[in-house]
Amino acid sequence: MGFWSEDEFEDEIALFLDENDGPILNLLGVHPQLHKSPKIVSYYWVPPLAPWIKVNTDGSSKGNPGLGSCSSVYRDSSARFIGAFGAPLGICDSFFVKMKVALLAINFALRYGWRWIWLETDS
Numbered sequence: 050m051g052f053w054s055e056d057e058f059e060d061e062i063a064l065f066l067d068e069n070d071g072p073i074l075n076l077l078g079v080h081p082q083l084h085k086s087p088k089i090v091s092y093y094w095v096p097p098l099a100p101w102i103k104v105n106t107d108g109s110s111k112g113n114p115g116l117g118s119c120s121s122v123y124r125d126s127s128a129r130f131i132g133a134f135g136a137p138l139g140i141c142d143s144f145f146v147k148m149k150v151a152l153l154a155i156n157f158a159l160r161y162g163w164r165w166i167w168l169e170t171d172s
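Sequence positions in the sequence shown follow this note's numbering and run 50 to 172.
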């Protein structure tokens, strides 16, 4: 396991306009289709009660199936960082990524003797 990244991004463009942009775009013959922005919701991280260790996991695959990776971050009841890992998973689907990151996160915790684990995912 280790750090892994991929420098490719999807071909998506975000367009932000203010009141002065409309006349300029009209002069240039550009007529963008504007969509209402999604609702923004705030969340915050809550530390676990002692003696628990909270494990936040995530993973993804570029395509389904596609090249996948996953990672986890471990914090104690004082919100102190105590560990992390990242792992490439090769070609896999999104379900495999979600299951694999949970298994790797538990295995990593057991290897360090952490028995009170609170596993938190985005799924």
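For glycine and all other residues, C-beta sits at the position ideal for the given N, C-alpha and C. Fair warning: this is a prediction, and the values are worked out from it, not measured in the lab.
Are the beta-carbon atoms of VAL90 and LEU168 separated by less than 8 Å?
For VAL90 and LEU168, no; Cβs fall outside 8 Å.
Ordered list of beta strand (DSSP E) runs contained in the segment 81-165, each at least 3 residues
Taking only runs of at least 3 residues, the beta strand (DSSP E) segments lying wholly in the segment 81-165 are 102-112, 115-124 and 130-141.
Just grab the DSSP bridge partners of LEU168 for me.
Residue pairing from DSSP places LEU168 in a beta bridge opposite VAL104.
Reducing DSSP to helix, strand and coil, say where GLY71 ends up.
GLY71 falls in the helix class under three-state DSSP.
Between LYS85, ARG129 and GLY117, which has its C-alpha nearest LYS147's C-alpha?
Nearest C-alpha to LYS147: GLY117.
Using a Cβ-Cβ distance cut-off of 8 Å, determine whether LEU168 contacts chain D.
Reference to chain D is not applicable here, since this structure consists of a single protein chain.
Cβ-based burial, TYR161 [other Cβ within 10 Å; buried from 16]:
Flag for TYR161 reads exposed.
Coil, strand or helix - LEU77 by DSSP:
Residue state, collapsed to three classes: coil.
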